[in-house]
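The opening position of the sequence shown corresponds to residue 0 in numbering that gives the first Met the number 0, with each subsequent residue numbered one higher.
These notes are about the structure you will find just below.
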Amino acid sequence: MSRVVVTGIGVISPNGLTVEEFWRNLTQGVSGVGPVSTFDASPYSCRIAGEVKGFDPVQYMDAKTARRTSRFVQFAVAATKMALADARLTIDDHNRDSVGVVMNTGGGGMPDVVEGERVFLTKGPNRVSPLLIPALIPNMGSCQVSMLWGIRGPVISSIAACASGVYALVEAKRLIDTGEAEAVIAGSSESALIPVVFAALCNMRALSTRNGEPQKACRPFDLHRDGFVPGEGGGVVILERYEDAKRRGVPIYTEIVGGSLTADAYHVTAPDPAGEGAALAMSRALQSAGLGPEDIDYICAHGTGTPLNDVSETVSIKKVFGDHAYKVSISSPKSMVGHLMGAAGSISTIACALAIRDGIIPPTINLETPDPQCDLDYVPNVARRAPVRAAMANGFGFGGQNAVAVFRACEE
């Protein structure tokens, strides 16, 4: 079985429209959270978000395609274009049948559903766009990438709520492990910052109401955390066989050595307080990687900043890591970009790859008052320089879906 490595990265995020900008801001503790600017949020208890600002889809696709695609698809295409360029991977007749795409999302084109309903109600059924369905269906991120680059290998779109990004990586590795693909474009994207989604999440009491201090609102593992901050964006990595990357002479960020998918079987929104499903995913991911808990230097936590999630994740880490749980560095990028929902796991994947490359662990900002129930090392407020030989990315979603991926510094 071939080793699987990461050779390209692309990201569109609230705190950076390039990998360099995103990573610089993440390691410097710069938040991309601010007041909602796309609609009047004054009626809502949460009025802040991690919005992607300054994004022009025409930089990544022609104007006609941009007009016909949902924003979540535009993010997927943009991040893919960056990642392919970074990997120096050209798709042409010699490899298009052996390249795959796994591009996941949590909600797909929800804004397009709302706009289509508005047109239907105000202008009548004959004015509804015939392109509404292909704009909103969740598989269109994968399919547009396939069509734009002429990729004819396996094309997958899985819906796993907030675990979708890590799901994509685990599924992509399996495609290479089984020989179905030699390289895979793997990632996820989300853009669902619309009034009805805000209303539902506010009424669920899932969101932070710290509106006067947007950049301090998302506070994973802090005693005074009061909910997550919704965000949008997308992230993509290029996976390929180790021997192909060496033959092409391209830099390798990291090797993905293990992964696992499990379920809580507990509740539609709340995590299992005993952390059983998440712990199972972490332990199986380590087993598949051939690593022990003591081999992991960094965990990129799901870390949403909700009262329930952060305690549950801490419990699950302790179950798997034992005494090493108190020695491993843990942090949550959501403290700086918000919760990108379906795209969150791709941000975590990218953070792990860059932490291994640079030996820098991004911080958890806004961690000011420790929670006695969250008593591990969450790298509070300031990035840490330390060798990262192996890292783990956690992604947990509504409905109890769990995905965990394990990375290792690539050795000859």
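Positions of the beta carbon are idealized from the N, C-alpha and C atoms, including for glycine.
The residue from I136, P371, V228 with its alpha-carbon nearest to that of V310 is P371. In this chain, A404 is not harboured by any alpha helix (DSSP H); it is covered by the beta strand (DSSP E) spanning 400-407.
Secondary structure at D376: coil, using DSSP grouped into helix, strand and coil.
Listed in chain order, the alpha helix (DSSP H) runs fully inside the region 303-335 are 306-320, counting runs of at least 4 residues. Under the three-state reduction of DSSP, R151 is assigned to coil, being neither helix nor strand. When secondary structure is reduced to three states using DSSP, A264 falls in the coil class, being assigned neither helix nor strand. Rounded to whole angstroms, N380 and L131 show a C-alpha spacing of 44 Å. For T6, the uninterrupted beta strand (DSSP E) run begins and ends at 3-11, by DSSP.
In the structure shown, R95 adopts coil according to DSSP, grouped into three states. Contact between the region 325-342 and the region 14-32 is established, with three or more Cβ pairs separated by less than 8 Å.
Rounded to whole angstroms, E179 and V98 show a C-alpha spacing of 9 Å. Under the 10 Å beta carbon count, L260 is surrounded by 16 or more other beta carbons and is classified as buried.
G152 sits away from L135, with the two beta carbons spaced by 9 Å or more. Pairing S187 with G211, the inter-Cα distance amounts to about 31 Å. According to the DSSP assignment, I251 belongs to no beta strand (DSSP E), since it is labelled neither H nor E. The C-beta distance from V403 to A392 rounds to 7 Å, short enough to meet the 8 Å contact threshold.
Measuring C-alpha to C-alpha distances from T303 to each of P361, E312, E411 identifies E312 as the nearest. Separation of G248 and S315 (C-alpha to C-alpha, rounded to the nearest whole angstrom) is 40 Å.
For the pair T208 and S44, the CB atoms are nearer than the 9 Å cut-off.
Sequence-distant partners of L222 (beyond 5 residues in either direction) whose C-beta falls short of 6 Å from its own C-beta, in its chain, are T368, D370. Note that the region 318-330 does not touch the region 0-12; fewer than 3 beta-carbon pairs, one per stretch, sit closer than 8 Å.
Around the CB of S1, fewer than 16 other CB atoms lie within 10 Å, so the residue is classed as exposed.
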